[in-house]
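Comments concern the structure below.
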Amino acid sequence: PGAPPMLELRNVQVLYDRAIEAVRDVSLAVPEGQMIALLGSNGAGKSTILKAISGVLYQENGEIMSGSVALDGKPISGLQPGDIVRKGIIQVPEGRALFAQLTAEENLLMGGITRSRADSRAAMDMVYDLFPRVKERRHQTAGYLSGGEQQMVAIGRALMANPSLLMLDEPSLGLAPQVVDTIFDAILNLNQSSGVTVLLVEQNAQLALDVASYGYIIENGRIVLDGTVETLRKNDDVQEFYLGMS
Ligand code: ATP
């Protein structure tokens, strides 16, 4: 038998308010070094799947998860979010959630807070190479950056933590096409040149199928279809409902 995939979900179910089934029986795998896409429309359950992986569902709030999440074959479901981050699973949340009063550079530094000064410095140089625009704007307060610049800072902040698995929640949301291209070029570069494994959540199927190797389509909390991006692109339903062809 081969090595287990880097990340594996088995039969994951998530309830909100103890009763609303947001994720139903989801099993998926993210092999090391690949970029895997989760596609689906608004409210399909994509963000909830990321929450289940990051450990940010709270039973006391009626958020109940069952099934298993494993990293390199070892269960991580039930760990505290901080412990999951320390294992190298870093999420870039939808809406970016930067510290609006801090500068771009201070936001980056927050991402590297658990690392040595030297490691943090090296990571920051890497982020500035990847996003020269962030370097130019490093002393600007994050709240005053454009949407695209904020997304770059958010990705940069995640990279400061030296992720082995980077989870991106809708990085294209609300951004102009040109900025989206810049950001997706950077994501592709990270995956292909730096070997960062990526789990990409996107509503924009066209974009996601261009950069990922394999995709899962989520509808009403369930995986309704999965396959290589080549297979998905040829699928009639994908063409009609996700790629807008007919
Ligand atoms: P989006 O792109 O809008 O974020 P999504 O595919 O990520 O969509 P989720 O945010 O995971 O979808 O939501 C899945 C379902 O769970 C939706 O029906 C949503 O209304 C519901 N839901 C999400 N968060 C909560 C919550 N905190 N309490 C109750 N229901 C929730």
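Each residue of the sequence shown is one higher than the last, beginning at 11 in the UniProt record's numbering. Every residue gets a Cβ at the ideal spot worked out from N, C-alpha and C, and that includes glycine.
Cβ neighbour criterion (16 or more within 10 Å) applied to residue i
i	result
residue 30	exposed
residue 117	buried
residue 105	exposed
residue 250	exposed
residue 33	buried
residue 166	buried
residue 170	buried
residue 201	buried
Distance cut-off 7 Å: residue i Cβ against heavy atoms of the ligand ATP
i	result
residue 214	no
residue 32	yes
residue 180	yes
residue 225	no
residue 54	yes
residue 70	no
residue 252	no
residue 104	yes
residue 50	yes
residue 154	no
residue 64	no
residue 238	no
residue 35	no
residue 57	yes
residue 27	yes
When the options are compared against residue i, the one with the closest alpha-carbon
i	options	result
residue 61	184, 178, 245 and 226	178
residue 142	249, 193, 99 and 111	193
residue 152	39, 171 and 113	113
residue 25	64, 68, 13 and 48	68
residue 236	225, 245, 244 and 243	225
residue 49	156, 77, 214 and 189	214
residue 206	81, 172 and 252	172
residue 58	88, 134, 132 and 228	228
residue 209	12, 27, 146 and 42	42
residue 36	22, 28, 45 and 146	22
residue 220	52, 242 and 233	242
residue 19	76, 44, 52 and 28	76
Reduced DSSP secondary structure (H/G/I, E/B, other) of residue i
i	result
residue 195	helix
residue 153	helix
residue 20	strand
residue 189	helix
residue 104	coil
residue 25	strand
residue 32	strand
Contained beta strand (DSSP E) runs [length at least 3] in the region 35-102, N- to C-terminal order: 45-49, 74-81 and 99-102
4 or more residues per run - each alpha helix (DSSP H) lying fully within the region 157-241: 157-169, 187-202 and 215-221
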